[in-house]
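Enquirer:
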Amino acid sequence: MGPVTTTHYVALSAALLLIGTIGVLTRRNIVIVLMSIELILNAVNINLIAFSHSFGDVNGQIFAIFVITDAVAEAAVGLGILIALFRNKETVLADEVDLLKW
Amino acid sequence: MMDALFFYFFAALVLGGAIFTVTRRNAVHSAISLIVSLIGVAGLYLLQQAEFLFAVQIVLYVGGIMVLFLFVIMLVNLDQAAKQRQFNRQWWIALVCVAAVGVEIAYFVRKGAGSFHVPQAPPGPVAATAAAGNTEQIATMLFSQYLLPFEIASVLLLVAVVGSVVMAKKRI
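If you read the sequences in order, they're chains A and B.
For what it's worth, the numbering used here labels the leading residue of the first sequence as 1, then goes sequentially.
For what it's worth, the numbering used here labels the leading residue of the second sequence as 1001, then goes sequentially.
Following this line, the structure appears as structure tokens:
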């Protein structure tokens, strides 16, 4: 096992991003799609922190804080929409919500 | 050596949790796996000397967002959805596209890995700021240089609060 470099963190972050993307693109359950979006945002944060550490600069950590803020807002609104959707359509499956489909 | 050991441990937590999150049928199992994954990410923050973000990650993600997710999973009846098909009909197209992007990212990370290593900055200002704690450094930056984005973020959170209440309310 060699020393851990920034490249390791970037590779891990890329893997997490791809897993999250697979979740967003393939799952039907909206709750799990939202969870996959959280995974993607965490991948971004790992990248930011890795480069912040490598540059010896806290700017990356500030950006990570803003990303976390966005993630919180997105989760709150998304889950609110999900509850409204379930009340009106009795479903949580993404491809059964097709009112706008021609 | 110890660093590498912890890195691989947390990386295994992150990736294992992520894979279970994406593949489990039961949404509660997915949420628990996501918690494991997020704790792994928090461990990586600690390894990178981002102590403040470590605390934020635990308190906000594991304590806040995941409790919200679990509440919604309990509120919304998911039993029906768990019995049905879990993946889209176009799942193989998605997998092919993600594999293509993965190959691309792997190629560029491999090619550009040499430029990731930055020679350490001269010890003057860095040593001075390193004397202050991580939280103190972040606070100084956040409330001086990043004050306007900080205020915009607070407005964003207000909008999100109002929006989610409007969405979840029965009649406005």
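For each residue, glycine too, the CB sits at the ideal point set by N, CA and C.
All values derive from a computational prediction rather than experimental measurement.
(1) Can you find a CB in chain B that lies within less than 9 Å of the CB of Val58(A)?
(2) Bridge partners of Arg27(A), per DSSP?
(3) Where does Leu103(A) sit, in a helix, a strand or coil, going by DSSP?
(4) Are there three or more Cβ pairs, one per stretch, closer than 8 Å when the segment 1019–1033 of chain B is compared with the segment 7–27 of chain A?
(5) Let me make sure I understand the geometry here. Which of Asn59(A), Phe55(A) and Ile68(A) has the alpha-carbon closest to that of Ala1042(B)?
(6) Looking at the unbroken alpha helix (DSSP H) that takes in Ile1138(B), where does it start and where does it end?
(7) Where do the ends of the alpha helix (DSSP H) carrying Val1162(B) lie?
(8) Use the C-beta contact count for Ile1093(B): other C-beta atoms within 10 angstroms, 16 or more gives buried, fewer gives exposed.
(9) Check whether the segment 80–88 of chain A touches the segment 43–58 of chain A, counting contact only when three or more Cβ pairs, one atom from each stretch, lie closer than 8 Å.
(10) Pro1125(B) by DSSP, collapsed to three states: which one?
(11) Determine, using beta carbons only, whether Val1098(B) and Ile46(A) come nearer to each other than 9 Å.
(12) To be precise: take each residue of the segment 1141–1153 of chain B, compare its Cβ to all Cβ atoms of chain A, and keep it if any distance is under 7 Å. Which residues remain?
(13) Along the segment 1152–1167 of chain B, where does the CB come closer than 8 Å to a CB of chain A? Name the residues.
(14) Hey, is Arg1110(B) close to the ligand GTP, as in C-beta under 8 Å from one of its heavy atoms?
(15) Between the C-alpha atoms of Val1109(B) and Val10(A), what's the straight-line distance to the nearest angstrom?
(16) Looking at chain B, is there any beta carbon in it that lies within less than 9 Å of the beta carbon of Val10(A)?
(17) Can you list, in chain order, the residues of its chain with a C-beta nearer than 8 Å to that of Ala1082(B)? Leave out the 5 residues immediately preceding and following it.
(18) Report the residue from Phe55(A), Ala64(A), Val92(A) and Val97(A) whose alpha carbon sits nearest the alpha carbon of Leu1142(B).
Expert: Let's see:
(1) In the first sequence, residue 58(A) corresponds to position 58, counting from 1. At least one chain B Cβ lies under 9 Å of Val58(A).
(2) Reading the first sequence from its first residue, position 27 is the one you call residue 27(A). BP columns for Arg27(A) point to Phe1087(B).
(3) Lying before the first or after the last residue shown, residue 103(A) is absent from chain A, which here runs from 1 to 102.
(4) Yes, the segment 1019–1033 of chain B is in contact with the segment 7–27 of chain A.
(5) Here residue 1042(B) is taken as the residue at index 42 of the second sequence, counted from 1. Ranking the options by Cα distance to Ala1042(B), first place goes to Ile68(A).
(6) Indexing the second sequence from 1 puts residue 1138(B) at position 138. For Ile1138(B), the uninterrupted alpha helix (DSSP H) run begins and ends at Asn1134 to Ser1144, by DSSP.
(7) Counting from 1 along the second sequence, the entry for residue 1162(B) is found at position 162. Looking at the DSSP string, the run of the alpha helix (DSSP H) that includes Val1162(B) is Leu1147 to Ala1168.
(8) Residue 1093(B) sits at position 93 when you count from the first residue of the second sequence. Under this definition Ile1093(B) is an exposed residue.
(9) At 8 Å Cβ cutoff, the stretches do not touch.
(10) Residue 1125(B) sits at position 125 when you count from the first residue of the second sequence. Low confidence applies here, because Pro1125(B) scores a pLDDT of 49, under 50, leaving its location unreliable; read the following figure in that light. Residue state, collapsed to three classes: helix.
(11) Here residue 1098(B) refers to the residue found at position 98 when the second sequence is read from its first residue. Here residue 46(A) refers to the residue found at position 46 when the first sequence is read from its first residue. No; because the gap between Cβ atoms is not below 9 Å, this pair is not in contact.
(12) Met1141, Leu1142, Tyr1146, Pro1149 and Ala1153
(13) Legend: CB atoms of the segment 1152–1167 of chain B lying less than 8 Å from CB atoms of chain A belong to residues Ala1153, Leu1156, Leu1157, Val1159, Ala1160, Val1161, Gly1163, Ser1164, Val1165, Val1166 and Met1167.
(14) In the structure shown, the ligand GTP is absent, as is every other ligand, since no ligand is present at all.
(15) Here residue 1109(B) corresponds to residue number 109 of the second sequence, with the count starting at 1. Here residue 10(A) corresponds to residue number 10 of the first sequence, with the count starting at 1. C-alpha separation (whole angstroms): 8 Å.
(16) Position 10 of the first sequence holds residue 10(A). Closer than 9 Å to some Cβ of chain B, the Cβ of Val10(A) qualifies, so yes.
(17) As a first step, residue 1082(B) must be located in the second sequence, where it is residue number 82. Counting only Cβ-Cβ distances below 8 Å, and skipping sequence neighbours, we find Arg1025, Asn1026 and Ala1027.
(18) For the purposes of this step, residue 1142(B) is taken as the residue at position 142 of the second sequence. Looking at the Cα atoms, Ala64(A) is the closest of the given residues.
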